[in-house]
Structures are given as C-alpha cells and as structure tokens.
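Residue numbers for the sequence shown, in the working numbering: 338 to 449.
Remarks on the structure that follows.
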Amino acid sequence: MNLLYLILMSQPAAGTDGQQGGTTWSTLILMLVLMVIFWLFFIRPQSKKAKEQKQYQESLKKGDKIVTIGGIYGKIVETSDNSTKIVIESQGTKLEMDKSAINAEASAALNK
Numbered sequence: 338m339n340l341l342y343l344i345l346m347s348q349p350a351a352g353t354d355g356q357q358g359g360t361t362w363s364t365l366i367l368m369l370v371l372m373v374i375f376w377l378f379f380i381r382p383q384s385k386k387a388k389e390q391k392q393y394q395e396s397l398k399k400g401d402k403i404v405t406i407g408g409i410y411g412k413i414v415e416t417s418d419n420s421t422k423i424v425i426e427s428q429g430t431k432l433e434m435d436k437s438a439i440n441a442e443a444s445a446a447l448n449k
C-alpha cells in the first residue's frame, strides 16, 4: 500500500503542465496491472485448487482409503450424495461424515 501511495503522490498536480489526462491514464494502467497480478497469483490458483478438491470428493467410491481434515485415516464403506461412511481400520469404528471433511487419499497423504 505504501508503494502505491508513493507512486500516486509522485504524479504532478492536476493542471500544472496540462497533463491531467496522462496522470489519469497512468493511474488507471497501474491499477489494472495490480489487479491482473493479484488475480494471477492469488485468486486463480486458489480457485483451481478448490475445483480439484471438489472433483476428488465427488469421485470417492467404496474401498478408497482417505484422510479427513481432522487427520483420521479410514476406508470408505458407503457413500451418498453429501455424506460418506468410513471405517477406522485399527478400531473397526464406523463414522458418518460430510464429503467436504475428506481431505486427501491416504497414500498421497503418506507421501507428503
């Protein structure tokens, strides 16, 4: 924010050289460049990752080994539109949870 403030304040005052139009265009171009950079480095990668996560959650099927957001490792025994039932293999406990709580495939989580 400080850099933008310095750049905008370093422009000549309106009407001093009759270049108010140039100042307006340079400010507009600067703002557009900053918005494009922000979109390229923050918004686009985040939306791409969210899309991939949603596709993964929709492709879950019986028998997949998964890791939940809370770090619980399990195996899917039943799946429906919005929820899945997993079994925790070490205890034989069945849990029903929302699909959005599933983070990754177990083998992928172990490789990280």
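Glycine residues also receive a C-beta, built at the ideal position from the N, C-alpha and C atoms.
Model, not experiment: these values are computed from the prediction.
Straight-line gap, residue i to residue j (C-alpha atoms, nearest Å)
i, j, result
"Glu389", "Ile406", "16 Å"
"Leu345", "Thr364", "7 Å"
"Tyr393", "Tyr342", "43 Å"
"Leu432", "Ile380", "34 Å"
"Pro382", "Val370", "18 Å"
"Ile413", "Lys386", "23 Å"
"Leu284", "Ala441", "Residue 284 lies beyond the residue range present for the chain, which begins at 338 and ends at 449; the question has no answer from this structure."
Closest residue to residue i among the options (Cα-Cα distance)
i, options, result
"Gly400", "Val370, Val424, Met372, Lys385", "Val424"
"Gly411", "Leu371, Asp435, Lys402", "Lys402"
"Lys422", "Gln428, Gly429, Met434", "Met434"
"Ser427", "Ile409, Ala441, Val373, Lys391", "Ile409"
The beta strand (DSSP E) enclosing residue i, as first and last residue numbers
i, result
"Glu433", "430-435"
"Glu426", "Element bounds for Glu426: n/a, residue is neither H nor E."
"Lys412", "410-416"
"Lys450", "Lying outside 338 to 449, the shown extent of the chain, residue 450 is not represented and no answer is given."
Contact under 8 Å by Cβ, residue i with residue j
i, j, result
"Lys398", "Ser420", "no"
Residue i, enclosing alpha helix (DSSP H) - first and last residue
i, result
"Ile344", "339-346"
"Ala387", "381-395"
Residue environment, residue i, which counts as buried when at least 16 other CB atoms sit within 10 Å
i, result
"Ile439", "buried"
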